[in-house]
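The structure under discussion appears below in the form of structure tokens.
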Amino acid sequence: MMNELRIIRVKGRDILPFISDLAQLRIQVFREYPYLYDGDVAYEEHYLSTYSACEESVLVLVFDNKQIIGASTAIPLEFEVMVFKKPFIDHQISVKDVFYLGESVLLPKYRGKKIYKHFFHERETAAKEYGAKLTAFCAVKRAKDDIRRPKTYQELDSVWEHFGYKKHADLCAYFKWKEIDVNEASDKPMEFWLKNL
Ligand SMILES: CC(C)(COP(=O)(O)OP(=O)(O)OC[C@H]1O[C@@H](n2cnc3c(N)ncnc32)[C@H](O)[C@@H]1OP(=O)(O)O)[C@@H](O)C(=O)NCCC(=O)NCCS
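As structure tokens, this is what we get:
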């Protein structure tokens, strides 16, 4: 099956034709713990407009024949919204040196097949081409005893360390979304992970 998978990287306005596929994948995958995101198209349009409006944004896509089964995004941090820039500004890290990695999503049946390393490789290559000095992403911080955590859930921390990232818990952004089991959107703490290129 792996032979049929195809991975491509697109940039800037070439992302536009894939935005609705990306939104659909995000809504499906982030409904799971730890994100528990009750996705809707209006929120997606707003969130993804940052990427579609930027000439330097990056989208990595995985195709199984004609179907998009995974995607991963990145953008120079200077073009991201202020909530993601603020922790860096507060810590005197130059926003212009940072390439921000957005989400990585794979449909469940395509996980565990070593696709993730391509997401990092493609985005880190784009970051180097751009002239960034480091790549960074953030992940939602959940309580260890969160009752919504599935018994089978495996944290990704050791996987991110495997790919050369280090957690900087002092860099924290607060990002708003609505969870599946509540009525109102609320801010969630997001901890940053960094890698020097
Ligand atoms: C995140 C996601 C894209 C990763 O894809 P995946 O198929 O699960 O991961 P892969 O199997 O490709 O890669 C895992 C890597 O970590 C390594 N690994 C696995 N378990 C590990 C552990 N306990 N410690 C260290 N490394 C580990 C694997 O060997 C592999 O590395 P390699 O390719 O260099 O051998 C996928 O799980 C997903 O879509 N999850 C839901 C959405 C999500 O949480 N996204 C991330 C935040 S946006």
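Residues 50 to 246 (our numbering) make up the sequence shown, in order.
Idealized CB from N, CA, C, for every residue including glycine.
Here the structure is a predicted model, which is why all the values come from computation and not from measurement.
When distances are taken from the beta-carbon of residue 200 to the heavy atoms of ligand 1, even the shortest one reaches 8 Å or more.
Residue 165 has its Cβ nearer than 8 Å to a heavy atom of ligand 1. Inclusion of residue 85 and residue 79 in the CB contact set at 9 Å is warranted, their separation being smaller than that value.
With a cutoff of 8 Å, residue 88 does not count as near ligand 1, since its C-beta is closer than that to no heavy atom of the ligand. Around the beta carbon of residue 184, 16 or more other beta carbons sit within 10 angstroms, so the residue counts as buried. The C-beta distance from residue 168 to residue 109 rounds to 6 Å, short enough to fall under 8 Å.
Residue 66 holds the alpha-carbon nearest to the alpha-carbon of residue 101 among 66, 127 and 227. Note that the C-beta distance between residue 135 and residue 222 is below 9 Å. Remark: the C-beta of residue 116 is outside contact range of ligand 1, defined as less than 8 Å to any heavy atom. DSSP places residue 78 within a helical segment (H, G or I) once states are collapsed to three. At least one heavy atom of ligand 1 sits closer than 8 Å to the Cβ of residue 211. Pairing residue 123 with residue 150, the inter-Cα distance amounts to about 4 Å.
Three or more beta-carbon pairs separated by less than 8 Å link the stretch 210-229 to the stretch 87-94, which places the two stretches in contact.
As DSSP reads the structure, residue 228 sits in a beta bridge with 86. Going by DSSP, residue 173 is part of the alpha helix (DSSP H) stretching over 165-179. DSSP places residue 144 in the helix class (H, G or I) of the three-state scheme.
The closest CA to that of residue 141, considering only 220, 61 and 211, is found on 220.
DSSP places residue 113 inside the beta strand (DSSP E), whose first and last residues are 107-113. In the structure shown, the three-state DSSP call for residue 135 is helix. Following the DSSP letters along the chain, one finds residue 189 inside the beta strand (DSSP E) bounded by residues 183-189.
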